[in-house]
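Just so you know, we're using full-length UniProt numbering here: the sequence shown kicks off at 1 and counts up by one. As structure tokens, the structure follows; a few thoughts come after it.
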Amino acid sequence: MLAFQVIEDRAAARVGGPKGLESRMPNVRKKEEIAAMPDREFLSSMTRRIFQAGMKHSVSNDRWPRFEDYFWSFEPEKLMLLSEEQLEQAMQNPELIRHWGKLRTIPFNAGEMYRISRAEGGFGKVIADWDDGDLFGLWAWLGKRFQRMGGQSGARFLRLTGRDTFLLTDDVIAALVTSDAIDEKPTRKADKQRVNDVFLEWQAQSGRPLAHISRILSMTVD
């Protein structure tokens, strides 16, 4: 397996050097910051990720301030009580993205987040305290507890919140294979754990967040 410095040097060479590399890194928050975030920020990010899926991200991002205004800043305790009639009214608002299936996730996910937060002392605490050695487990938990959080959506939701995580995109998988970290796309539990362990090893070598390692890997692929 390649040392991470070799991978980082390759990525930097493609973007004009270290400064170009750093300018492309995603924002990552400390775990203490994640734990202290209000639940409404998580619900907003989760819903934004749901609306991003299948469309240009700029479309949902540009309209998100209107979503924030319309849905009371995404306070879970309020949105868990949304009625079908209120959702139908939202479907008539041209300033929103009028997708019935995605709008219907809001009250369900709000209720689920509210219950988890009440039981655990804050949704952010659950996300922050989750072991970095079990990120596939965190993604699976999100997919099980919340609507439309399966596939890549759980990891991309975490990325929106600033919670450190890698992404397992096609480019990242290709870079992992090229770096002799894995032989093929991980599908079995043991293979996924191998990927998680590789990221932690490269983190120990580089001192970088997992999100940065993931982004740098993707930048080495044509």
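Idealized CB from N, CA, C, for every residue including glycine. On a predicted model such as this, the values are computed, not experimentally measured, just so you know.
Same chain, Cβ closer than 6 Å to residue i, five either side skipped, listed in chain order
i: K125; result: A35
i: W64; result: R48
i: A174; result: V221
i: P76; result: D39, L43, A110, M113 and Y114
i: V15; result: L21
i: R148; result: I50 and T105
Under the three-state DSSP convention, the category residue i falls into
i: K31; result: helix
i: G16; result: coil
i: A204; result: helix
i: T220; result: coil
i: H57; result: helix
i: E184; result: coil
i: R118; result: helix
i: L43; result: helix
i: L135; result: helix
i: S214; result: helix
i: M113; result: helix
i: L21; result: helix
i: W64; result: helix
i: P107; result: helix
i: A128; result: helix
i: A3; result: coil
C-beta contact flag for residue i and residue j at 8 Å
i: L176; j: L217; result: yes
i: I106; j: T47; result: yes
i: V28; j: P209; result: yes
i: A128; j: F166; result: no
i: S44; j: F51; result: no
i: G154; j: W130; result: no
i: M1; j: D180; result: yes
i: S206; j: E8; result: yes
Cut-off 7 Å between Cβ atoms - residues of its own chain near residue i, not counting five sequence neighbours on either side
i: F146; result: M46, N109 and E112
i: D169; result: Here the sequence assigns Thr to residue 169, which means Asp is not the residue at that position. Result list for T169: S218, in chain order.
i: L87; result: L103 and R104
Cα-Cα separation between residue i and residue j, rounded to whole angstroms
i: E95; j: Y70; result: 10 Å
i: A11; j: S214; result: 11 Å
i: G54; j: W100; result: 14 Å
i: P18; j: G137; result: 33 Å
i: L158; j: F123; result: 12 Å
i: G133; j: N196; result: 6 Å
i: E85; j: M219; result: 46 Å
i: E201; j: D171; result: 20 Å
i: F67; j: S73; result: 8 Å
i: L115; j: K192; result: Per the sequence presented here, residue 115 reads as Arg, with Leu not at that position. Cα-Cα distance, rounded: 29 Å.
i: P38; j: I182; result: 38 Å
Contact set for residue i: own chain, Cβ-Cβ below 8 Å, skip 5 residues either direction
i: E33; result: G162
i: G151; result: G143
For the stretch 72-102, list the alpha helix (DSSP H) runs that are entirely contained and at least 4 residues long, ordered along the chain. 76-79 and 84-91
Taking only runs that begin and end inside the stretch 137-178, name each unbroken alpha helix (DSSP H) of 4 or more residues, in chain order. Segments of the alpha helix (DSSP H) lying fully in the stretch 137-178: 153-161 and 170-178.
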